[in-house]
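With our numbering applied, the sequence shown corresponds to residues 305 to 847, in that order.
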Amino acid sequence: MWRRLPAPEPEQSPGIGAGGESPPALFFARDRSIRVQSALDSRRFRSTWSGPALARFSSALRFALVAPLGITGIAQAQQAGMPEPLLPPPVQQTAPMPPVARAQPLPALSPAQAADLQQRLTEGGYTQGLRYLPVPEHAPLDNDTLVRAALDYARAVHSGRLAAEDFKKDWGLRPAAYDPLPAFADAVRRDQIASWFVNLPPPYAGYDSLQAGLMRYRAIAEAGGWKPLTPGADMELGAKGKAVAELRERLSVEDPDVIATGDSFDAELKEAVVRAQRRYGLNPAGLVGPQTRAALNVPVERRVRQIMANLERWRWLPAELDTNRIQVNIAAAVLTVFEGDRPVMSMKGVTGRPGDETPMLQSAVHSIVINPPWNVPAGIAKRELFPKGAAYLKANGFRVIGEGDGARLQQAAGPQSALGRFKFDFDNPYAVYLHDTPSQSTFSRYDRLASHGCVRVERPADLAQLLLRDDPAWGADAIQAAVDTGKTQRVKLPEPATVYLLYWTAYASADGTMNFRADPYDWDSQLAEKIERRSAIEEVAAR
Numbered sequence: 305m306w307r308r309l310p311a312p313e314p315e316q317s318p319g320i321g322a323g324g325e326s327p328p329a330l331f332f333a334r335d336r337s338i339r340v341q342s343a344l345d346s347r348r349f350r351s352t353w354s355g356p357a358l359a360r361f362s363s364a365l366r367f368a369l370v371a372p373l374g375i376t377g378i379a380q381a382q383q384a385g386m387p388e389p390l391l392p393p394p395v396q397q398t399a400p401m402p403p404v405a406r407a408q409p410l411p412a413l414s415p416a417q418a419a420d421l422q423q424r425l426t427e428g429g430y431t432q433g434l435r436y437l438p439v440p441e442h443a444p445l446d447n448d449t450l451v452r453a454a455l456d457y458a459r460a461v462h463s464g465r466l467a468a469e470d471f472k473k474d475w476g477l478r479p480a481a482y483d484p485l486p487a488f489a490d491a492v493r494r495d496q497i498a499s500w501f502v503n504l505p506p507p508y509a510g511y512d513s514l515q516a517g518l519m520r521y522r523a524i525a526e527a528g529g530w531k532p533l534t535p536g537a538d539m540e541l542g543a544k545g546k547a548v549a550e551l552r553e554r555l556s557v558e559d560p561d562v563i564a565t566g567d568s569f570d571a572e573l574k575e576a577v578v579r580a581q582r583r584y585g586l587n588p589a590g591l592v593g594p595q596t597r598a599a600l601n602v603p604v605e606r607r608v609r610q611i612m613a614n615l616e617r618w619r620w621l622p623a624e625l626d627t628n629r630i631q632v633n634i635a636a637a638v639l640t641v642f643e644g645d646r647p648v649m650s651m652k653g654v655t656g657r658p659g660d661e662t663p664m665l666q667s668a669v670h671s672i673v674i675n676p677p678w679n680v681p682a683g684i685a686k687r688e689l690f691p692k693g694a695a696y697l698k699a700n701g702f703r704v705i706g707e708g709d710g711a712r713l714q715q716a717a718g719p720q721s722a723l724g725r726f727k728f729d730f731d732n733p734y735a736v737y738l739h740d741t742p743s744q745s746t747f748s749r750y751d752r753l754a755s756h757g758c759v760r761v762e763r764p765a766d767l768a769q770l771l772l773r774d775d776p777a778w779g780a781d782a783i784q785a786a787v788d789t790g791k792t793q794r795v796k797l798p799e800p801a802t803v804y805l806l807y808w809t810a811y812a813s814a815d816g817t818m819n820f821r822a823d824p825y826d827w828d829s830q831l832a833e834k835i836e837r838r839s840a841i842e843e844v845a846a847r
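Below, the structure is given as structure tokens:
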């Protein structure tokens, strides 16, 4: 079930969602040769520079690739390092070492190649979301400056703009090391720079659809954006007046099916409100209350920056994704299972609340624990459980195991256990996992960031059956029988199931509709600030 399969043509299932919400962030591998070039071929962002700006463009073009997302006034980002890596023992030299290879020289571009590449770089940094504002046209650059700018662009659009030390501890995804020079030199030699350039971004349809969304929302911004709704009473079916007229006009900017004129809240307008609420992850009741009004009043410029931050996180993913995988969107609190790169199961989740963030990571579920006990982290025990007293702990199945520094609090397996009946284990340095929960009421909420960092799943028995279906000893009846015994049992999966915990606050549905979620961890803003800081460091170093 979980072996790697060839990636099919990209496809999305619009009918798969969770509780009436917009479909979760889906992404699929796709043929790199079909990447659309239309945005890069556009010339509508051209303008001219003169005077001192020309002299500064050489460095400006290069540093544009690590420029900020345009978010200002952000709080200082938390700095946290990763644990020390495990290093192999030193190797004693027993044979002569070959000489260190010389650095590969920069290739020489023909005049036609240089002109084409310079134009692509000017537009590419903007269309790929590396810059908030377009870079004007400029005088031709010398060969080496242009080549270095191309290599900077390649690293930025392929692997992102952060250095290793810029990543927060909870940002467990790391782009692989990437040296663009060999492939670029080969492209110059073969006169295939266009092909090299177009294949630099992440090879996923999800990235392409998000980049298309970026261009659409930039076009909305260039046309003047949208007007915020005037504060006022809630609006619902049957309402009339100026406030309803404002609502129609606002919705029509993002939704082409909305009639922009009129001042009556009719059934069609209610359906448009429901569509908007689904796009924003809100309760799709058709009532325009404070939450819906706040989402509609987010300026288009902030939506553009939000898309840019998510494009950056796409660049951290591996070059290939397992086509069979479990994928969690932390910000939307939705879990999706893919087989053959297509979604086959989707359910609500509960992810970490701010302060107890669910980390971004890649791992593989290797086993399922049926009737798991809960070994309570020391911090949770001290802050939340011990203050409730011995009577509460005893009544809820807690006991202290061990003595002295090795003592820990454990909750026995059973219906009252915080882990419910199932725990899905995967190796990671954060001690997080997927699990069942007795707190089912949380799944009825649209804001489901409420855990200590682990991911609670809405239908754990269904997930267990899917992961174990290739093991004849563990059909649905056998799983339920094991649950009914009340005994703790670990079941190894026939094949490990790759799991990705990802943080998407902007993503496109199958039909290209943009969906937005709140930035509950402030990671979009922190990412923008780190890019801004990295840009400043690079600029100083180049002087």
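Quick reminder that beta carbons are idealized off the backbone N, C-alpha and C, glycines included.
Whose CA, out of the options, lies closest to the CA of residue i?
i	options	result
R712	Q720, F690, A699, F726	F690
R617	D775, F471, R687, P409	F471
Y584	D823, R763, D781	D823
K727	N679, S463, R629, Q422	N679
P663	K791, P800, L772, L806	L806
G683	K546, R597, H756	H756
D614	Q432, D751, D709	The question names Asp, but residue 614 is Asn in the sequence shown. Selected option, being the one with the closest Cα: Q432.
F488	L413, A509, R749	L413
D570	R554, K544, G593, L586	K544
L913	G816, I611, P479, L555	In the structure as shown, the chain begins at 305 and stops at 847. Residue 913 is therefore absent and cannot be evaluated.
L797	F730, P719, T817	F730
P622	V704, Y511, R646, A537	Y511
P409	Y436, G429, V451	V451
D538	L586, R552, L591	L591
T789	T741, G718, R435	G718
R607	V704, Y436, A576	Y436
Q830	P411, D474, Y508	D474
According to DSSP, which residues form a beta bridge with residue i?
i	result
M519	In DSSP, M519 forms no bridge with anything.
G653	V761
R629	F642, T802
R687	DSSP, once it has assigned bridges, lists no residue as partnering R687.
S671	D729, K796
W475	M664
F820	A810
H739	K727, R760
V602	V602 is not bridged to any residue.
How many Å lie between residue i and residue j at the Cα?
i	j	result
P486	R619	20 Å
N601	Q595	10 Å
E540	V604	24 Å
A454	R520	26 Å
A832	L518	16 Å
E836	Q581	33 Å
A381	V803	Because the pLDDT at A381 is just 33, under 50, the model does not fix this residue reliably, and the point stays unresolved.
Q631	A443	46 Å
P677	R657	23 Å
W500	G710	56 Å
H739	V578	31 Å
Q861	I611	The displayed coordinates of the chain run from 305 to 847. Any statement about residue 861 would go beyond what the structure contains.
T809	E707	44 Å
K531	R554	7 Å
D660	N447	50 Å
A685	I563	55 Å
G593	D766	35 Å
D645	T534	44 Å
Y482	D490	16 Å
D781	V641	22 Å
A468	A785	48 Å
D774	S743	30 Å
With C-beta atoms as the reference, is residue i less than 8 Å away from residue j?
i	j	result
G693	A716	no
I497	D420	yes
A589	G566	no
G417	V492	Gly is not the amino acid found at residue 417; the sequence shown has Gln there. Yes, they are a contact pair.
G724	P764	yes
G476	L665	yes
V761	L639	yes
N819	Y825	no
A768	I783	yes
R795	L772	Note on identity: in this sequence residue 795 is Val, with Arg being the wrong assignment. Closer than 8 Å, so yes.
T655	V787	no
L586	Y457	no
K834	L466	yes
contact_flag[the segment 545-565, the segment 630-644] where n(CB pairs < 8 Å) is 3 or more: No, they do not touch.
Stretch pair the segment 639-652 + the segment 666-678: three plus CB contacts closer than 8 Å: Judged by Cβ distances under 8 Å, the segment 639-652 makes no contact with the segment 666-678, as fewer than three pairs qualify.
Given 8 Å, three or more beta-carbon pairs between the segment 502-514 and the segment 443-462: The answer is yes - the segment 443-462 touches the segment 502-514, with three or more Cβ pairs under 8 Å.
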